[in-house]
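So my numbering is basically just the index in the sequence shown, starting at one, shifted up by 45.
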Amino acid sequence: GDMRFDVTSVVDLVSKLRTDKDIGGLCGRVMPMGPRDNFSLVEFYQKFEYDYAHLFQKTAEDTFGTVLCCPGCYSIFRLDAVRTALDTYESEAETG
């Protein structure tokens, strides 16, 4: 889908990563964009789905005390934090 980034939101992510060395990754909230001049049922459903999933995911993350997932479309990671996790989670891709 279409996406538009606000420069200040990207700067905010980078700034937070620089000021708190304990953070391994950050993500911004994304919402689907559709045509501005008419109603789109698909866009309405996507927005509902994003909000619904966001509510439950953030509640679970708060309960567990950690972030469970940073969506790839609007995330930033500290390379050192990712490197330490690679030994545990990396594997060869399987074809088939």
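Note that the Cβ used here is the ideal one computed from N, Cα and C, for glycine as well.
All figures in this text were calculated on a predicted structure; none of them were measured in a lab.
Annotation for residue 58: the continuous alpha helix (DSSP H) segment containing it runs 52-64. Judged by DSSP in its simplified three-state form, residue 84 adopts coil rather than helix or strand.
Taking the CA atoms as reference points, residue 133 sits about 33 Å from residue 50.
Three or more Cβ pairs drawn from the region 93-103 and the region 63-79 lie within less than 8 Å of each other, which places the two stretches in contact. As computed with DSSP, residue 72 is found in a beta bridge with 120.
Excluding the 5 residues flanking it on each side, residue 72 has same chain C-beta neighbours closer than 7 Å at 115, 116, 119, 120, in chain order.
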